[in-house]
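In this note's numbering, the protein residues as written are 1 to 244.
All C-beta atoms, glycine included, are put in the ideal place defined by N, C-alpha and C.
This structure is a prediction, so every number in the text was calculated from the model and none was measured.
First up is the structure itself, then whatever we jot down about it.
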């Protein structure tokens with residue numbers, strides 16, 4: 001579903017419908033599904049230039065976002081979604097703004113990579129904060145492990161977002177403005193960061209797997225995409241991801 005569903009709604013940031021309409025449509029669709037199912041929602045309301053039905057500006061927008069996502073959470077509770085469902089709230093990037101000195105002092109080189117990540121569901125401890133290094137592709141692998149059947153192809157050293165088990169102590173930060181290896185930085189701990197060295201083949205394989213994850217969402221299934229990726233692991237994952 002896309003913009004055609006919300007033609008009667010007044011639009012705001014990037015021409016998107018208000019959160020209220022998006023979440024209401026989500027609840028409507030969920031009631032029509034039989035388990036298991038996967039539903040992905042993308043809200044843009046927290047993005048600059050901060051335009052909402054409640055007014056404009058960063059503070060007003062944050063209150064608006066919190067209010068609507070809490071209402072959505074309550075609707076999920078009323079629908080007994082959490083009896084056998086998991087809600088994942090995930091940001092795609094830190095806000096596009098200069099980091100403060102306080103942030104840099106606290107988080108060091110990992111400052112630009114800090115994003116919101118919340119998991120809500122039965123059996124997940126309330127109020128617990130995991131401090132293991134997590135990146136977007138970890139959600140992909142964690143979900144595959146959680147809902148997959150038979151042989152599930154996953155990276156050995158991903159950090160499971162549903163536990164606090166640490167299989168690796170680093171994460172990769174990607175700079176979208178570079179297409180070569182120098183566009184990737186390895187984040188280790190809170191204040192360390194370094195460019196990928198030529199001999200770090202394991203990390204390069206991990207990056208290629210991440211490229212597959214990105215291209216699965218952005219590119220058509222073409223030979224060009226296949227030629228862009230390399231390595232035994234990525235070939236296997238490529239065949240699975242693009243098997244049609």
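Compute the Euclidean distance between the alpha carbons of residue i and residue j, then round it to the nearest angstrom.
i, j, result
"residue 35", "residue 114", "33 Å"
"residue 169", "residue 95", "25 Å"
"residue 132", "residue 70", "26 Å"
"residue 52", "residue 18", "7 Å"
"residue 121", "residue 76", "11 Å"
"residue 146", "residue 2", "28 Å"
"residue 33", "residue 47", "30 Å"
"residue 9", "residue 97", "29 Å"
"residue 139", "residue 171", "13 Å"
"residue 54", "residue 66", "12 Å"
"residue 4", "residue 126", "38 Å"
"residue 162", "residue 6", "34 Å"
"residue 81", "residue 148", "20 Å"
"residue 101", "residue 37", "43 Å"
Between residue i and residue j, how many whole angstroms is the CB-CB distance? I'm expecting something under 8 Å.
i, j, result
"residue 12", "residue 45", "7 Å"
"residue 116", "residue 99", "Contact doesn't hold; Cβ gap of about 16 Å is too wide."
"residue 164", "residue 141", "Actually they are not in contact, since the Cβ atoms of residue 164 and residue 141 sit about 16 Å apart, beyond 8 Å."
"residue 41", "residue 26", "6 Å"
"residue 68", "residue 20", "6 Å"
"residue 79", "residue 31", "7 Å"
Is the beta carbon of residue i sitting closer than 7 Å to the one on residue j?
i, j, result
"residue 128", "residue 88", "no"
"residue 124", "residue 159", "no"
"residue 43", "residue 29", "no"
Looking only at its own chain, which residues have a Cβ that is under 8 Å from the Cβ of residue i, when we skip the five neighbours before and after it?
i, result
"residue 49", "13 and 56"
"residue 167", "156, 157, 158, 159 and 160"
Which same chain residues, not among the five before or five after residue i, have their C-beta less than 7 Å away from its C-beta?
i, result
"residue 93", "115"
"residue 176", "Because residue 176 carries a pLDDT of 49, less than 50, the predicted location of this residue cannot be relied on, and the following value inherits that uncertainty. None."
"residue 105", "none"
"residue 39", "26, 29 and 30"
"residue 223", "Caution applies to residue 223, whose pLDDT of 40 falls short of 50 and renders its modelled position unreliable; the model cannot decide the point."
"residue 103", "111"
Could you pull out every residue in the same chain whose Cβ sits closer than 6 Å to the Cβ of residue i, ignoring the five residues on either side in sequence?
i, result
"residue 86", "121"
"residue 16", "44"
"residue 178", "Interpretation of residue 178 is limited by its pLDDT of 41, a score under 50 that renders its predicted location unreliable; no figure is taken from the coordinates."
Open item on the list: Below 8 Å, how does it come out for the stretch 104-113 and the stretch 46-65: are there three or more Cβ pairs, yes or no?
Closed with: no
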